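What follows is a short report on a single structure.
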Amino acid sequence: QVQLVESGGGLVQAGGSLRLSCAASGRTYTMGWFRQAPGKEREFVAAINWRTYYADSVKGRFTISGDNAKNTVNLQMNSLKPEDTAVYYCAAGSGAAGSGSGYDYWGQGTQVTVSS
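For what it's worth, my numbering labels the leading residue of the sequence shown as 333, then goes sequentially.
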């Protein structure tokens, strides 16, 4: 069983930046970030294993990075938009990086709010 703990969410104005971090209690193959806005389905944001993956909506604005030795993953979010507002979830697994079904472990989520 792997436990994931997220940190770094908060309130920021449009155009600002936030950095999310996730620490895993054990080794994992793929770590990723998903988000869920009120009234919407959960969606993929970014993931990392031997390469990185991004949703089209965040390419060029978000950067995912990982530290294998520390079992951590970070999500640097720049040029934030109000539509980025959501609860962001860290996930870990060994399946398809871009699909929620590819992940076995999930964090409890951290709120990101972008004001206009």
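Cβ atoms here follow ideal geometry from the backbone N, Cα and C, with glycine treated the same way.
Owing to the predicted nature of the structure, the values given are computational and were not obtained by experimental measurement.
For G358, the number of other beta carbons within 10 angstroms of its own is below 16, and it is reported as exposed.
For G340, the closest alpha carbon among the candidates S448, W438 and T442 is that of T442. When the Cα atoms are used, Q440 and W382 turn out to be separated by approximately 25 Å. The Cβ atoms of S426 and T384 do not sit closer than 8 Å to each other.
Bounds of the beta strand (DSSP E) holding T404 are T404 to M409. When beta bridges are read from the DSSP output, Y386 appears opposite A378. By the beta-carbon neighbour count (other beta carbons within 10 angstroms, threshold 16), L412 is buried. The three-state reading of DSSP puts E373 in coil, since its state is none of H, G, I, E or B. In the DSSP assignment, E338 is bridged to C354. In this structure, A355 and N403 form a Cβ contact; the two beta carbons are roughly 7 Å apart against a cut-off of 8 Å. By alpha-carbon distance to S389, the top candidate from T417, G398 and I380 is T417. In the DSSP annotation of this structure, the continuous segment of the beta strand (DSSP E) that includes G398 starts and ends at F394 to D399.
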